[in-house]
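Protein chains in written order, with UniProt numbering: chain A, 1 to 272; chain B, 1 to 272; chain C, 1 to 304; chain D, 1 to 304.
The C-beta atom is built at its ideal place from N, Cα and C for all residues, glycine as well.
See below for the structure under consideration.
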Amino acid sequence: MQFKSMIISNVEVSPGYWRMRMTAPSEFPAAQPGQFVMVRVNDAIDPLLRRPFGIFDVGVHTPAQTGAASQPYLEMLYRVVGKGTGMLSALHDTDLLDVLGPLGKGFELGSPKEEKIIVGGGVGLAPLYLLAKELVKQSPVRLFVGGRTRDDVLCITEFERLGVECYVATEDGSLGECGLVTEALVRRLAVCDGTPRIFACGPHGMLNAVAGIAAQRNIPCQVSLEGYMACGMGACLGCVTPGHHHSNETPDYRCVCADGPVFDAAELKWEA
Amino acid sequence: MQFKSMIISNVEVSPGYWRMRMTAPSEFPAAQPGQFVMVRVNDAIDPLLRRPFGIFDVGVHTPAQTGAASQPYLEMLYRVVGKGTGMLSALHDTDLLDVLGPLGKGFELGSPKEEKIIVGGGVGLAPLYLLAKELVKQSPVRLFVGGRTRDDVLCITEFERLGVECYVATEDGSLGECGLVTEALVRRLAVCDGTPRIFACGPHGMLNAVAGIAAQRNIPCQVSLEGYMACGMGACLGCVTPGHHHSNETPDYRCVCADGPVFDAAELKWEA
Amino acid sequence: MKPDLSVSIAGLELRNPVMTASGTFGYGEEFAEYVDLETIGAFVTKGLSLRPRAGNPTPRIVETPGGMLNAIGLQNVGIDAFIEKKVPFLRSVATPAIANFFGNTIDEYAELARRLDAIPEIAGLEVNISCPNVKQGGIVFGTDPQCAFQVVTACREATIKPLIVKLSPNVTDIVSMAKACADAGADALSLINTLTGMAIDLERRRPVLANITGGLSGPAVKPVALRMVWQVARAVSLPIIGIGGIMNARDALEFILAGATAVQVGTASFINPGAAQEIAEGMEKWLAENGVEDVKSLIGALEA
Amino acid sequence: MKPDLSVSIAGLELRNPVMTASGTFGYGEEFAEYVDLETIGAFVTKGLSLRPRAGNPTPRIVETPGGMLNAIGLQNVGIDAFIEKKVPFLRSVATPAIANFFGNTIDEYAELARRLDAIPEIAGLEVNISCPNVKQGGIVFGTDPQCAFQVVTACREATIKPLIVKLSPNVTDIVSMAKACADAGADALSLINTLTGMAIDLERRRPVLANITGGLSGPAVKPVALRMVWQVARAVSLPIIGIGGIMNARDALEFILAGATAVQVGTASFINPGAAQEIAEGMEKWLAENGVEDVKSLIGALEA
Ligand SMILES: Cc1cc2nc3c(=O)[nH]c(=O)nc-3n(C[C@H](O)[C@H](O)[C@H](O)COP(=O)(O)OP(=O)(O)OC[C@H]3O[C@@H](n4cnc5c(N)ncnc54)[C@H](O)[C@@H]3O)c2cc1C
Ligand SMILES: Cc1cc2nc3c(=O)[nH]c(=O)nc-3n(C[C@H](O)[C@H](O)[C@H](O)COP(=O)(O)OP(=O)(O)OC[C@H]3O[C@@H](n4cnc5c(N)ncnc54)[C@H](O)[C@@H]3O)c2cc1C
Ligand SMILES: Cc1cc2nc3c(=O)[nH]c(=O)nc-3n(C[C@H](O)[C@H](O)[C@H](O)COP(=O)(O)O)c2cc1C
Ligand SMILES: Cc1cc2nc3c(=O)[nH]c(=O)nc-3n(C[C@H](O)[C@H](O)[C@H](O)COP(=O)(O)O)c2cc1C
Ligand code: FES
Ligand code: FES
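As structure tokens, then:
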């Protein structure tokens with residue numbers, strides 16, 4: 001779907017991290033957790049390409065006023081890292097954006113019996129909130145969230161409000177435990193009943209570690225990847241990532257945009 | 001001078017024509033009538049080059065409130081014709097612009113004894129208001145203003161308020177006389193006492209005609225030209241116009257930006 | 001009155017001059033949600049090789065001022081998988097599909113031309129000669145008139161279908177390249193392919209692209225593309241397909257004035273997936289508003 | 001600690017690697033209000049010819065996506081007026097002034113080199129070889145290695161000052177051009193000059209530029225320029241001056257990583273007249289923040 005979206009609000013939720021709510025077409029709230037959008041920052045050629053962002057939340061706003069039409073919306077949680085995100089952060093409510101989405105393949109939710117473990121690093125939390133919202137409907141959900149400092153740990157209250165149990169780790173110890181979030185994850189896995197299911201999104205190093213931890217323990221694990229994207233729909237082959245059996249002789253590149261961004265960790269090639 | 005200017009107001013004064021007031025440094029109000037500014041529309045590379053605009057007005061705003069600092073300002077009157085002017089028209093008060101100026105050579109005002117005749121076409125009126133403001137201090141001033149339709153005749157009330165006598169002609173007769181402004185000019189010159197002095201700005205065809213009329217009658221005439229500009233300060237040689245004696249053997253190109261934009265019409269080469 | 005947008009290129013009748021460019025429109029299916037394929041003139045497949053190609057490691061793309069660099073490395077499914085998995089879709093579309101292809105040797109080019117010639121769903125062939133000639137120390141076919149002549153001659157002998165040769169802009173003299181391809185029997189020329197460029201990650205002190213260099217496309221290259229189309233159109237009598245930075249109908253019409261009979265839309269489809277259709281519609285609108293009855297009257301109509 | 005920004009090019013000692021590009025900074029004086037000339041490494045004059053040149057009719061410039069085309073036609077006051085009217089200003093500036101020049105024949109080039117060699121205020125010479133060779137049917141000197149070799153040889157014999165050759169990017173093989181100039185005795189190479197391009201006015205059905213084609217500069221060309229600097233730096237041992245789309249200190253540092261010893265700032269000075277000084281200051285700041293003590297340690301330091 002391609003649509004013109006109007007910004008409803010655009011707020012800095014932590015230094016350098018912004019949350020934007022914007023209008024969406026009525027079909028949009030059916031988006032799967034883990035899918036993403038490609039946003040055109042302006043009508044000019046600078047920046048030229050669209051920017052990909054996870055879908056943080058979707059919903060329908062029903063105005064208090066009786067008679068007013070209810071308004072579907074989507075939310076993004078983004079970090080200002082460069083030109084495009086810098087320009088996004090300067091936008092105001094009522095400004096318009098051209099949006100493409102929902103795109104890609106989202107998370108498979110698994111069965112109600114399993115414990116659900118969500119692992120997020122920094123702004124990697126973005127697509128995990130909508131996921132948690134779905135998962136809490138059927139299972140206990142634990143969130144392991146890491147960041148460099150306290151400022152990189154986002155929206156914990158929102159997750160707690162869903163009934164998610166949250167474990168926080170920061171590299172500088174400014175919030176929660178001092179260290180990497182994977183350490184807390186490993187401890188939890190040691191005591192957890194049955195086979196849980198892991199969902200992870202964050203920096204590549206973190207995903208690599210989580211995939212290794214899951215593989216060792218034979219735990220199903222899905223990861224959401226990033227990649228430089230031009231088209232977002234499987235046409236340019238810019239965003240690929242090597243599949244598990246990939247080699248130059250037996251090429252097996254997957255499109256992050258169309259085959260992912262969510263992959264079963266076991267399908268992909270990881271660094272040892 | 002290069003300075004960051006804050007937009008004070010930006011208003012559509014006639015369909016497609018806008019008037020922008022913006023802050024200026026304290027030296028700016030010394031700008032000569034006929035000088036111009038180069039405005040950087042945004043910080044991105046689209047559009048890449050600055051856009052040149054005449055200085056419509058300058059002044060110092062003294063706030064009613066006692067104690068508040070007085071604020072020098074400049075005004076531009078511009079027509080939306082393309083990307084840059086389109087973006088300018090979308091700006092709001094408190095938005096910032098990077099401005100270079102005042103640039104170029106302005107009008108020579110002449111002596112108090114002469115009648116002053118100002119000829120403007122369409123948005124060519126822009127640099128003529130500040131000129132009129134100076135001229136009325138010493139001489140009777142008549143304005144001959146032309147446009148395609150009524151909508152292209154701008155800011156007449158402002159000129160009238162200065163005490164300028166205004167003659168209007170439109171090509172479709174929707175305001176003032178039906179026809180070209182040069183016809184009214186010729187009639188006036190026929191009855192005028194002594195030698196007046198002409199100042200003109202507008203489409204090239206109009207300037208060509210005015211220069212011809214002035215030359216025939218030996219009347220001093222200054223014209224303000226446009227030209228595609230990159231630097232606005234005599235360095236790129238993009239904006240040149242041929243001088244009266246120009247030929248390939250004896251090149252005599254003048255920079256519109258640095259030698260002009262105001263030229264004595266007799267210095268330039270005109271089409272016969 | 002509805003203006004006539006139809007053009008004919010190398011025996012292909014197109015309902016309008018707007019095609020999609022190889023490598024930017026997948027195999028046609030990917031854009032079905034955004035472009036009604038029957039509103040555009042033709043579409044061109046991703047470049048095909050004899051065997052599947054892995055392509056380059058990532059990063060493969062990077063944005064640059066007004067453009068982008070790509071070093072996909074010609075990843076593609078290979079001719080066999082193309083025939084098996086992608087051709088069936090083509091049967092359902094009443095718009096000419098043009099197969100773009102490349103090889104590493106002249107024999108590979110000829111073999112591919114032969115295989116593609118046998119596929120009824122393929123309306124025409126576009127040879128990408130911007131590839132290194134492995135037998136001649138890696139010199140790019142499309143940068144040497146003699147190499148280009150040889151490869152086009154070999155393809156010409158292998159197909160009776162319309163044969164379009166896609167020229168590389170990374171040359172001193174685009175006209176001599178065009179002439180060599182014309183002499184070798186090309187039915188049409190398409191230009192430009194990407195300009196070779198590079199981007200650097202200052203903090204990491206490395207090239208951004210894993211492949212170091214990549215191909216520049218997008219609005220940034222439009223002036224170079226227009227110039228080359230104009231030069232070639234004046235020197236060679238073959239029909240030309242103009243490519244390079246076309247973002248809207250006005251850009252497309254500029255290429256036609258410069259001498260192109262048709263155009264291809266590349267990078268624009270990434271930014272606006274409906275670009276090709278919108279450009280075709282925008283051209284029709286412009287022609288109607290400007291009283292031009294037939295787009296063919298604009299081909300090469302530049303007063304210069 | 002203050003980082004060391006000094007570099008040496010062809011025997012010229014520069015306080016920092018930032019120069020201004022020919023044709024974009026007048027004769028130095030024009031920018032005095034915006035750039036303290038003693039904060040930059042060197043500045044290059046507008047291209048000089050033996051006799052004054054009228055240049056092309058207007059329009060001479062047009063904006064393009066992320067860039068601009070110019071067809072100034074090398075308008076300049078000529079060497080005599082330069083000596084009389086512009087050189088006196090150079091005396092007052094403690095920053096090397098480099099004279100850019102061009103001819104229509106090899107003899108003209110040599111004659112200019114001789115005349116400039118005699119001017120004490122000129123610290124070095126930059127030969128613009130992107131000009132047509134009128135004796136050889138108008139082929140551009142800088143697009144043929146043999147022509148380039150001849151013209152550089154003639155200049156070399158005419159001057160003992162540092163001789164920089166400025167390369168045209170409109171070639172298939174920039175490395176062979178660079179080698180030809182090195183073999184002919186150039187002390188340094190500067191690249192790139194502008195890419196030939198064109199813009200069209202759709203409504204008027206005419207080229208925008210009176211000259212039809214013009215030279216593309218600005219951010220749009222940066223990827224092509226970086227690639228060429230990198231290719232030449234790996235192949236030739238002469239110091240290189242990187243040029244093309246440099247808008248800020250980061251761009252300049254990218255060129256240095258690619259192998260440039262210094263850079264030139266062109267189009268950026270039109271958009272921000274203080275660009276050259278700001279880039280020099282920005283480089284110093286970046287080096288300090290990143291713990292780089294000497295800019296020379298970054299030259300060619302790209303890990304590729
Ligand atoms: C599927 C997907 C989902 C994402 N979801 C989010 C999210 O929810 N919140 C968030 O803050 N960020 C997210 N990102 C990363 C986000 O797209 C980049 O941070 C953003 O594009 C940077 O743009 P910029 O112009 O500010 O940076 P610049 O560095 O100026 O961008 C230059 C170019 O690099 C690309 N780029 C830069 N960083 C990245 C990156 N990390 N991944 C992919 N491309 C990149 C840009 O898209 C652009 O093409 C996601 C990326 C992908 C692929
Ligand atoms: C000295 C001078 C004073 C001017 N004063 C005024 C004024 O007071 N009010 C006003 O409305 N306009 C004025 N103009 C014209 C104004 O500069 C152009 O209308 C404006 O640059 C158009 O920009 P754009 O991006 O909207 O149009 P586009 O057509 O998108 O611009 C493309 C390029 O062409 C150039 N260009 C387009 N039209 C003109 C033109 N007429 N003259 C010079 N360059 C042009 C632009 O600067 C830009 O580089 C003046 C021009 C000059 C040279
Ligand atoms: C991601 C990408 C992949 C491309 N792949 C091919 C290809 O396989 N074969 C080919 O001939 N051209 C290929 N091209 C070049 C385009 O077809 C086109 O010539 C070029 O992008 C210029 O047009 P544009 O500026 O409209 O994108 C590719 C371009 C891009 C951006
Ligand atoms: C208006 C203009 C005039 C130029 N004149 C000359 C010239 O006289 N001699 C020359 O060698 N290069 C000339 N150039 C090329 C520049 O020096 C520089 O090589 C080119 O613009 C690329 O750098 P940039 O992208 O930073 O502008 C000119 C460029 C412009 C834009
Ligand atoms: S972004 Fe184009 S294929 Fe994934
Ligand atoms: S605009 Fe550059 S010289 Fe006038």
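### Query
Which chain D residues sit within Cβ distance under 8 Å of C:L69?
P223
### Message
Suppose the cutoff is 7 Å on Cβ atoms and the five residues either side in sequence are ignored; what does the same chain contact list for A:E21 look like?
### Response
Per the sequence presented here, residue 21 of chain A reads as Arg, with Glu not at that position. Excluding residues within five positions, the ones whose Cβ falls inside 7 Å are I8, S9, Y73, E75.
### Query
The alpha helix (DSSP H) spanning D:S217 covers which residue range?
D:S217 -> not in any alpha helix (DSSP H); beta strand (DSSP E) instead, spanning 213-217.
### Query
Can you tell which of B:C192, B:R161, B:I156 has its C-alpha closest to the C-alpha of B:L175?
B:I156
### Message
ligand 5 and A:A230: does the residue's C-beta get closer than 6 Å to at least one heavy atom of that ligand?
### Response
yes
### Query
Using a C-beta cutoff of 7 Å, does B:A31 count as contacting chain A?
no
### Message
Pull the bridge partners of B:H61 from the DSSP assignment, please.
### Response
B:Q71
### Task
In the DSSP assignment, find the alpha helix (DSSP H) that holds A:V181 and state where it starts and stops.
181-191
### Message
Can you tell me which residues form a DSSP beta bridge with B:W18?
### Response
B:E12, B:Y78
### Message
Can you tell me which residues form a DSSP beta bridge with A:K105?
### Response
A:P261
### Query
Name the chain A residues that come within less than 7 Å of B:A44, Cβ to Cβ?
A44, D46
### Task
Tell me, please, whether the CB atom of C:A54 is closer than 7 Å to any CB atom in chain A?
yes
### Message
For A:K83, report the span of its alpha helix (DSSP H) as first-last.
### Response
83-89
### Message
Between which two residues does the alpha helix (DSSP H) holding A:N208 run?
### Response
204-217
### Query
Are A:V153 and A:V145 close, meaning C-beta to C-beta below 7 Å?
yes
### Message
Give me the pocket residues for ligand 2, defined as CB within less than 5 Å of any heavy atom, sorted by chain position.
### Response
B:F36, B:L49, B:R51, B:P52, B:F53, B:G54, B:Y78, B:R79, B:V81, B:G82, B:K83, B:G84, B:T85, B:V123, B:A126, B:E226, B:Y228, B:P261, D:E63
### Query
What residue range is occupied by the uninterrupted alpha helix (DSSP H) comprising C:L90?
87-91
#### Entry: Residue closest to C:Q136, alpha-carbon to alpha-carbon, out of C:T105, C:G282, C:L125, C:L189
C:T105
### Query
What do you reckon, is the C-beta of D:K46 under 6 Å from a heavy atom of ligand 4?
yes
### Query
Taking only beta-carbon atoms, is D:L195 less than 7 Å away from chain C?
yes
### Task
Please check if any C-beta of chain C sits within less than 7 Å of the C-beta of A:A132.
no
### Helix, strand or coil at D:E111 according to DSSP, with G and I counted as helix
helix
#### Entry: C-alpha distance - D:A280 paired with D:I241, whole-angstrom precision
15 Å
### Task
State the DSSP-derived secondary structure class of B:G243, mapped to helix, strand or coil.
strand
### Query
Would a check of beta-carbon distances place B:P203 closer than 7 Å to chain D?
no
### Query
With a cut-off of 7 Å, does the C-beta of B:A230 fall near any C-beta of chain D?
yes
### Message
Can you confirm whether C:P207, when its beta carbon is compared against all beta carbons of chain A, has any partner nearer than 7 Å?
### Response
no
### Query
Under a CB-based cut-off of 7 Å, is D:T24 close to chain C?
no
### Message
At a CB distance below 7 Å, what residues from the region 231-251 of chain D approach chain C? Give them in sequence order.
### Response
G245, R250
### Message
Is it buried or exposed, A:I198, if we count other Cβ atoms within 10 angstroms and call 16 or more buried?
### Response
buried
### Query
Going by C-alpha distance, which of D:A249, D:N290, D:L191 is nearest D:A268?
D:A249
### Message
Quick check: does the Cβ of A:G101 come within less than 6 Å of any heavy atom belonging to ligand 5?
### Response
no
### Distance between D:N70 and D:K46 (C-alpha atoms, nearest Å)
14 Å
### Meets three-Cβ-pair contact criterion under 8 Å: the region 80-98 of chain C and the region 27-47 of chain C
yes
### Task
Determine the extent of the beta strand (DSSP E) in which D:L14 is found, giving its start and end residues.
12-14
### Query
Is C:M177 helix, strand or coil by DSSP?
helix
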